[in-house]
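Before any comments, here is the structure.
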Amino acid sequence: MSDSRTYKVAGVRGLNMVREWPNDQTRYVAILIHGYGEHMGRYEHVADRLVRHGAAVYGVDHVGHGKSEGDRALVVDFEDVVTDVHALEERARADHPGVPVVAIGHSMGGMIAARYAQRYGTGLTALVLSGPVIGRWDLVSTLLSFDEIPDMPLDPAMLSRDPSVGAAAAADPLVWQGPFKRATLEAFAEMLTTIAKGGTFGALPTLWLHGEDDQLVPPGPSRDGIDAVRGSDLTERIYSGGRHEVFNETNKEEVLDDVTSFLDRALTVRNP
Numbered sequence: 001m002s003d004s005r006t007y008k009v010a011g012v013r014g015l016n017m018v019r020e021w022p023n024d025q026t027r028y029v030a031i032l033i034h035g036y037g038e039h040m041g042r043y044e045h046v047a048d049r050l051v052r053h054g055a056a057v058y059g060v061d062h063v064g065h066g067k068s069e070g071d072r073a074l075v076v077d078f079e080d081v082v083t084d085v086h087a088l089e090e091r092a093r094a095d096h097p098g099v100p101v102v103a104i105g106h107s108m109g110g111m112i113a114a115r116y117a118q119r120y121g122t123g124l125t126a127l128v129l130s131g132p133v134i135g136r137w138d139l140v141s142t143l144l145s146f147d148e149i150p151d152m153p154l155d156p157a158m159l160s161r162d163p164s165v166g167a168a169a170a171a172d173p174l175v176w177q178g179p180f181k182r183a184t185l186e187a188f189a190e191m192l193t194t195i196a197k198g199g200t201f202g203a204l205p206t207l208w209l210h211g212e213d214d215q216l217v218p219p220g221p222s223r224d225g226i227d228a229v230r231g232s233d234l235t236e237r238i239y240s241g242g243r244h245e246v247f248n249e250t251n252k253e254e255v256l257d258d259v260t261s262f263l264d265r266a267l268t269v270r271n272p
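Numbering-wise, the numbering used here puts 256 at position 256 of the sequence shown, and it's gapless, one number per residue.
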């Protein structure tokens, strides 16, 4: 695995933990954006593949996640998280001036990346959305209908057909195992509405990845959300039998091959 280093940076709502995978021969910068309740430490193998492909990789534990400050799994405004990611991009650009930047977001991170593309897409060379929460997520409206948010533990088997993935997540002390917080659900609902009204991605090359059997964030509602914001250059890969974490699926090498092939095309268009 590629070596990584961690350090704290100031975020909108406290200190955030950044994880960086350096590259002495950087062809592009990849900003990884993790999902709900998890942290950047779960992306070592993804970052390793990207480093071997020529990337310097950066990611931040969002507020309330991983080793960043804040109440656990509490996000009151996702616009603040987008702002934190942009500060990370500015740091990466200072480290690698003139190098193209791509954003890769999974699940909640896909939602954040979609909004990021609406706010800062002119500075991106490519966008990758993996199992994105976009369009409609029925889980949010269902949970918000309760006077008291029920504790509905995640079935680890929903993450991947590889049982070791769910077992590792369940045993990870930095992965949130508790119930959703109402303020976080309300922030999800607000951000989904904001994205739907926020305009398209224009000509930004976009890759949408999704597991066909994703029961946590079903591909159907996500497709509606993608269709509402897609620009003129969309590539989609729906993996037969795949569950929610396609980067951790039994065919993860195929998935990462698709990502690097897509990025090669996007980088070639930018630098023919």
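Even glycine gets a Cβ: it sits at the ideal position worked out from N, Cα and C.
For Gly64, same chain residues with a beta-carbon under 7 Å away, outside a window of 5 residues either side, are Gly70, Asp71, Arg72, Ala73, Leu74 and Val75 in chain order. Two segments are said to touch when three or more pairs of C-beta atoms, one from each, lie closer than 8 Å; by this definition the region 181-192 touches the region 127-140. DSSP places His210 within a strand segment (E or B) once states are collapsed to three. When Asp24, Asp213, Tyr58 and Gly202 are compared, the shortest CA-CA separation from Arg161 is found for Asp213. Along the region 164-248, the alpha helix (DSSP H) occurs as fully enclosed runs of 4 or more residues at 182-196 and 219-229, listed in sequence order. Thr6 sits in a strand when the DSSP states are folded into three classes. The beta carbon of Ile238 is closer than 7 Å to those of His210, Glu212 and Pro219 in its chain, skipping five residues each way along the sequence. Judged by DSSP in its simplified three-state form, Leu32 adopts strand.
Every alpha helix (DSSP H) stretch that sits fully inside the region 129-168 and reaches 4 residues is listed by chain position as 138-144. By the criterion of at least three beta-carbon pairs nearer than 8 Å, the region 140-149 is not in contact with the region 116-128. In the structure shown, the three-state DSSP call for Met1 is coil. Distances from the CA of Asp48 to each of Gly98, Ser164 and Met1 were compared; the closest alpha carbon is that of Met1. Remark: C-beta atoms of Val102 and Tyr43 do not approach each other more closely than 8 Å. Rounded to whole angstroms, Thr26 and Ile149 show a C-alpha spacing of 45 Å.
The shortest C-alpha to C-alpha distance from Arg115 to any of Glu79, Leu216, Leu256 and Val165 is the one to Glu79. Counted as a single uninterrupted DSSP element, the beta strand (DSSP E) harbouring His106 occupies residues Val101 to His106. Check the Cα spacing between Val12 and each of Asp24, Leu256, His62 and Ala266: the tightest is with His62. The residues Val12, in chain order, have a CB closer than 6 Å to that of Thr83 in the same chain once the five nearest residues on each side in sequence are set aside.
For the options Asp224, Met158, Ala266 and Ser107, the alpha carbon positioned closest to that of Gly241 is the one of Met158.
Under the DSSP assignment, Leu88 falls in the alpha helix (DSSP H) whose first and last residues are Phe78 to Asp95.
Contact check between the region 89-96 and the region 220-231: fewer than three CB pairs, one atom from each, fall below 8 Å, which does not count as touching. DSSP places Ala73 outside any alpha helix (DSSP H), giving it a letter other than H or E. Nearest to Gly121 by C-alpha distance, out of Asp77, Leu174, Glu245 and Gly199, is Gly199. For Gly59, the pairing in a beta bridge is given by DSSP as Arg19 and Leu32. The residue among His39, Gly225 and Asn251 with its C-alpha nearest the C-alpha of Thr6 is His39.
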